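For reference, the structure discussed in these notes is given below.
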């Protein structure tokens with residue numbers, strides 16, 4: 006009979022208690038009547054089958070009863086049900102979306118085979134530190150001597166005009182050495198990648214398209230391979246199309262073409278523009294590769310002491326080198342989402358605990374009239390599970406909807422698919438955390454109620470308030486919510502201060518009412534300088550004649566948009582400088598550029614139409630350049646050599662933050678566009694047009710487009726923007742951080758305020774009798790208000806103190822994003838704590854006033 010008794014445990018305990026003996030009696034009679042072992046085995050199998058089926062029906066019936074009862078109970082408390090479901094959904098949805106995006110960007114392997122073996126290497130100054138891209142000569146020698154690498158490739162960004170395929174287009178791509186696709190280990194979806202001979206100077210021009218370019222501009226033509234297209238006036242054969250998930254070095258790449266370097270490019274070791282990627286050998290480490298390359302660098306320093314002074318090499322894994330500040334932004338958002346999940350779970354715990362305590366009399370009554378402990382636990386577990394299920398479904402829908410929105414905020418410098426799929430691992434983790442909270446704090450009151458089913462216990466639930474341990478637990482939950490909220494609010498405040506500090510910095514130019522756009526003068530169509538100058542003259546003459554145009558001019562690359570050429574300087578009579586200090590950014594400009602940008606000329610004159618190829622080579626230099634090379638002296642009239650030519654300083658321009666608002670102004674040299682050399686990388690003519698206007702850009706732009714089309718019908722126009730939008734883009738990453746974190750912090754503070762309000766309001770409802778007795782014994786309403794407010798203030802103060810310590814720790818971690826704002830900025834901490842205190846007092850006052858209105862007579866009747 007032991008086996009049959011064991012089978013009874015398939016039934017609920019209450020069912021066993023009522024029918025167990027009767028079932029065992031029937032089974033025993035049948036067992037005694039069974040003739041032989043075979044009949045008894047048959048009886049056991051039949052009993053096992055019948056018991057399993059019957060037990061399942063009994064459990065289903067009880068579950069159905071529990072579900073119906075739970076639904077009725079929740080319908081009687083719609084505010085509680087809605088709040089619990091919403092908290093669950095927020096915790097699951099926000100956390101899942103943020104953590105899934107962070108995982109996609111930061112943790113998943115890059116979309117290349119054996120991606121952990123991919124590395125980058127840079128040249129560096131052993132004393133000054135930092136990293137710099139490589140010169141062709143240094144790259145060639147380092148790559149040839151590197152035995153730790155299985156394969157190596159170099160690349161550099163390059164844009165190109167695409168004509169002949171409808172309207173002219175400007176594509177952003179990369180020039181790369183022939184081994185690029187072999188290094189990263191990816192094959193094209195159509196055609197082939199580069200072969201080692203494709204980057205030979207005599208090889209026919211070829212190009213590989215990105216999947217997006219093939220889809221957007223070529224209609225996903227399956228016969229695209231072998232077709233020729235015109236890029237920068239040269240016909241290129243399309244040899245391949247990369248897969249949709251391929252991105253290198255980032256998602257901005259639209260094409261890849263072979264990098265062809267003339268023999269002379271290897272001679273100047275100071276001309277650095279090559280990025281690298283390499284694949285480590287299977288038995289090699291980053292440390293081994295770095296040691297090996299530094300040995301080669303020492304030899305290169307000996308051979309070329311001037312250009313390679315203090316030359317060192319650093320090597321790092323590819324993933325770790327991808328946009329450090331952008332990676333930190335994604336991490337911050339994910340951590341903030343986890344903080345929101347924590348607050349949601351804490352608040353949900355407090356809500357369920359209050360709900361359970363408020364139903365303690367009901368549960369005690371049910372226990373007193375015979376409901377077993379198991380049944381009460383099942384009932385509460387069912388109710389909690391219904392809340393978790395409803396919140397979980399809503400949370401998953403919220404995560405599905407918000408993941409693409411968060412993905413759009415990820416900078417294009419980070420590797421990520423265009424539409425990251427929902428990661429059900431993180432859905433499961435968020436659901437598990439929330440469900441654990443729901444079950445733990447939903448079942449706890451039922452356990453307490455089931456333990457006290459006597460009449461005395463029933464009276465106790467009527468006459469007394471919540472126990473000290475319960476109140477301590479609920480108070481601790483509120484303290485934790487306030488602490489996490491303070492961390493988020495202070496973090497948002499510090500980032501807001503950093504955004505404001507960056508926003509108020511002077512960029513060095515006046516961005517108001519300036520229309521900018523980009524053209525391109527491809528080589529060899531615009532080979533000789535005279536042809537380029539003729540283009541500028543014709544365009545600028547007609548644009549300046551347009552109504553509402555104050556000034557217009559071209560520059561090689563607008564500040565904050567295009568990086569500039571870095572070149573070594575030899576200043577006549579200049580100060581002694583280190584090699585790093587003796588470099589400068591070069592930009593070629595046309596007359597009118599400084600007026601169009603609102604850059605002041607502090608001394609001397611602007612570039613003028615008289616500065617031609619036949620006249621002496623001149624330059625306007627920035628204030629920081631003049632001060633660095635001729636400190637305390639007048640720079641106008643001084644001579645210096647840069648980019649193969651001696652030049653005369655004719656003017657001093659105001660400093661410009663050319664690399665963004667978060668960087669200091671760097672020395673710049675502005676040279677006359679007609680004096681652009683016709684060789685090497687310096688054959689990079691001005692391409693960005695700035696137009697200062699008194700009329701709306703929308704009314705001016707059609708005329709500008711028409712002028713450019715008339716001058717050159719094959720000229721694409723891109724990057725059409727107002728200059729103040731360029732500045733706004735500089736602030737966009739910080740603004741995005743601030744918006745996202747502000748959203749999380751606002752929800753966290755709201756949830757924490759609701760939690761504090763709920764705790765105090767519930768405490769008042771549970772202490773009505775006590776409050777009535779106090780008032781009957783002479784306590785004034787003001788004293789009662791003070792009693793309740795003191796508890797709220799105490800909990801808030803404890804949470805604020807813990808949160809302040811946590812905020813300081815978080816701010817140290819955020820320091821890279823603070824743009825010089827102190828992690829202990831007193832204004833931010835004071836404002837954040839004041840906000841938390843005000844919200845906490847706002848949540849405290851209503852329950853306190855309610856307590857003050859308690860009638861002593863009615864309270865003593867409770």
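Residue numbers (this note's numbering): 6 to 867. Glycine is no exception: its CB is placed at the ideal position from the N, C-alpha and C atoms. Computed from a prediction, not measured in an experiment: that's the story for all the values here.
| said: On the DSSP letters alone, give me the boundaries of the alpha helix (DSSP H) that residue 297 sits inside. | reply: If you number the chain shown from 1, residue 297 lands on position 292. Segment 291-308, the alpha helix (DSSP H) holding residue 297.
| request: Could you tell me whether any Cβ in chain D is nearer than 9 Å to the Cβ of residue 631? | output: Protein chain content of the structure displayed is limited to a single chain, and chain D is not contained in it.
| request: Taking the CB atoms as reference points, tell me whether residue 841 and residue 489 lie closer together than 9 Å. | output: As a first step, residue 841 is located in the chain shown; it is residue number 836 there, counting from the start. As a first step, residue 489 is located in the chain shown; it is residue number 484 there, counting from the start. No.
| request: Please report the residue range of the alpha helix (DSSP H) in which residue 658 lies. | output: By 1-based counting over the chain shown, the position of residue 658 is 653. Taken as a continuous stretch (DSSP letters only), residue 658 belongs to no alpha helix (DSSP H), being part of the beta strand (DSSP E) at 650-658.
| message | Taking the straight line between their C-alpha atoms, what separation do you get for residue 295 and residue 147? | response | Position 290 of the chain shown, counted from the start, is the residue given in the question as residue 295. Position 142 of the chain shown, counted from the start, is the residue given in the question as residue 147. Going from the Cα of residue 295 to the Cα of residue 147 covers about 11 Å.
| Taking the continuous beta strand (DSSP E) assigned at residue 315, which residues delimit it? | Sequence index remark: in the chain shown, residue 315 carries index 310 (1-based). First-last for residue 315: undefined, no H or E at that position.
| Would a C-beta distance cut-off of 9 Å place residue 652 and residue 623 closer than the cut-off? | Translated into positions along the chain shown, residue 652 becomes position 647. Translated into positions along the chain shown, residue 623 becomes position 618. Going by C-beta atoms, residue 652 is nearer than 9 Å to residue 623.
| task | Pick out whichever of 52, 347, 663 has its Cα sitting closest to the Cα of residue 561. | result | Indexing the chain shown from 1 puts residue 561 at position 556. Measuring from the Cα of residue 561, the nearest candidate turns out to be 663.
| message | Along the chain, where does the beta strand (DSSP E) containing residue 166 start, and where does it finish? | response | Here residue 166 is taken as the residue at index 161 of the chain shown, counted from 1. Here the beta strand (DSSP E) through residue 166 covers 154-168.
| Is there contact here, the segment 265-279 with the segment 237-245, by at least three beta-carbon pairs under 8 Å? | no
| Out of curiosity, what's the CA-to-CA distance linking residue 410 and residue 103? | For the purposes of this step, residue 410 is taken as the residue at position 405 of the chain shown. For the purposes of this step, residue 103 is taken as the residue at position 98 of the chain shown. Rounded to whole angstroms, residue 410 to residue 103 spans 10 Å at the Cα level.
| Spatial neighbours of residue 193 in its chain, beta-carbon cut-off 7 Å, leaving aside the 5 residues before and after | Residue 193 sits at position 188 when you count from the first residue of the chain shown. Around residue 193: 213, 245, 246, 247.
| message | Taking only three categories from DSSP, how would you classify residue 32? | response | Your numbering for residue 32 matches position 27 in the chain shown. Three-state result, residue 32: helix.
| request: Measuring alpha carbon to alpha carbon, tell me which of 264, 614, 298 ends up nearest residue 154. | output: Counting from one through the chain shown, the residue named residue 154 turns up at place 149. Taking only the C-alpha atoms, the option nearest residue 154 is 298.
| Inter-residue Cα distance where the pair is residue 810 and residue 492 | Translated into positions along the chain shown, residue 810 becomes position 805. Translated into positions along the chain shown, residue 492 becomes position 487. The straight-line gap from Cα to Cα measures roughly 8 Å.
| request: Using beta-carbon positions only, say whether residue 360 and residue 85 come within less than 9 Å of one another. | output: By 1-based counting over the chain shown, the position of residue 360 is 355. By 1-based counting over the chain shown, the position of residue 85 is 80. In contact: residue 360 and residue 85 (Cβ atoms closer than 9 Å).
| request: Would you mind sorting residue 879 into buried or exposed? The rule is 16 or more other CB atoms within 10 Å of its CB. | output: Summary: the structure shown does not reach residue 879, with the chain confined to residues 6 through 867, and so no result is reported for it.
| task | Below 8 Å on the Cβ atoms is my guess for residue 503 versus residue 739; work out the distance and round it to an integer in Å. | result | As a working mapping, residue 503 is identified with position 498 in the chain shown. As a working mapping, residue 739 is identified with position 734 in the chain shown. With 8 Å as the limit, residue 503 and residue 739 qualify as a contact, their Cβ atoms being about 7 Å apart.
| query | For residue 206, which residues from the same chain have a beta carbon less than 6 Å from its beta carbon, with the 5 sequence-adjacent residues on both sides left out? | reply | Taking the first residue of the chain shown as 1, we reach residue 206 at position 201. Taken in chain order, the residues that qualify are 265.
| query | Three-state secondary structure (DSSP) at residue 747? | reply | As a position in the chain shown, residue 747 is number 742, starting the count at 1. Residue 747 falls in the helix class under three-state DSSP.
| What's the gap between the Cα of residue 5 and the Cα of residue 846? | What the structure shows of the chain is the stretch from 6 to 867, and residue 5 is not part of that stretch, so it cannot be assessed.
| For residue 393 and residue 40, the rounded distance between their alpha carbons | Your numbering for residue 40 matches position 35 in the chain shown. Your numbering for residue 393 matches position 388 in the chain shown. Rounded to the nearest angstrom, the two C-alpha atoms are 53 Å apart.
| query | What is the DSSP secondary structure of residue 12, counted as helix, strand or coil? | reply | Translated into positions along the chain shown, residue 12 becomes position 7. It is helical.
| request: With residue 832 as the anchor, note down where its alpha helix (DSSP H) starts and where it stops. | output: Within the chain shown, numbered from 1, the residue matching residue 832 stands at position 827. Segment 831-857, the alpha helix (DSSP H) holding residue 832.
| request: Out of 776, 546, 196, point me to the one whose CA is closest to residue 696's CA. | output: For this step, residue 696 is matched to residue 691 along the chain shown. Measuring from the Cα of residue 696, the nearest candidate turns out to be 546.
| request: My understanding is that residue 527 touches residue 617, with C-beta atoms under 8 Å, so please give their C-beta distance in whole angstroms. | output: Along the chain shown, one-based indexing puts residue 527 at 522. Along the chain shown, one-based indexing puts residue 617 at 612. That belief does not hold up - the Cβ atoms of residue 527 and residue 617 are roughly 23 Å apart, past 8 Å.
| Do residue 396 and residue 93 have their CB atoms nearer than 9 Å? | As a first step, residue 396 is located in the chain shown; it is residue number 391 there, counting from the start. As a first step, residue 93 is located in the chain shown; it is residue number 88 there, counting from the start. Contact flag set, yes.
| message | Looking at the secondary structure, which residues open and close the alpha helix (DSSP H) in which residue 48 lies? | response | Here residue 48 refers to the residue found at position 43 when the chain shown is read from its first residue. Counting along the chain, the alpha helix (DSSP H) containing residue 48 begins and ends at 41-81.
| said: For residue 251, count the other beta carbons within 10 Å of its own beta carbon; 16 or more makes it buried, fewer makes it exposed. Which is it? | reply: In the chain shown, counting from the first residue as 1, residue 251 sits at position 246. With 16 or more other Cβ atoms within 10 Å, it is buried.
| task | Please confirm if the segment 704-719 is in contact with the segment 604-618, defined as three or more CB-CB distances below 8 Å between the two stretches. | result | no
| If you draw a straight line from the alpha carbon of residue 620 to that of residue 677, how long is it in whole angstroms? | By one-based count along the chain shown, residue 620 stands at place 615. By one-based count along the chain shown, residue 677 stands at place 672. Between the alpha carbons of residue 620 and residue 677 lies a gap of roughly 11 Å.
| field | Entirely enclosed beta strand (DSSP E) segments - the segment 484-542, minimum 3 residues | value | 519-523
| request: Measure the alpha-carbon distance for residue 467 versus residue 366 and round it to whole angstroms. | output: The residue given as residue 467 occupies position 462 in the chain shown. The residue given as residue 366 occupies position 361 in the chain shown. Bear in mind that a pLDDT of 49 at residue 467, under 50, signals an unreliable position, so the model cannot answer this.
| query | Which residues bound the beta strand (DSSP E) around residue 126? | reply | For the purposes of this step, residue 126 is taken as residue 121 along the chain shown, with counting starting at 1. Its beta strand (DSSP E) spans residues 123-130.
| Where do the N-terminal and C-terminal ends of the beta strand (DSSP E) with residue 240 fall, by residue? | As a first step, residue 240 is located in the chain shown; it is residue number 235 there, counting from the start. Here the beta strand (DSSP E) through residue 240 covers 239-246.
| task | Please classify residue 686: does DSSP put it in a helix, a strand, or coil? | result | Taking the first residue of the chain shown as 1, we reach residue 686 at position 681. A caution first: residue 686 carries a pLDDT of 48, below 50, which makes its placement in the model unreliable, though a value can still be read off. In the structure shown, residue 686 sits in a helix (DSSP, three-state: H, G or I).
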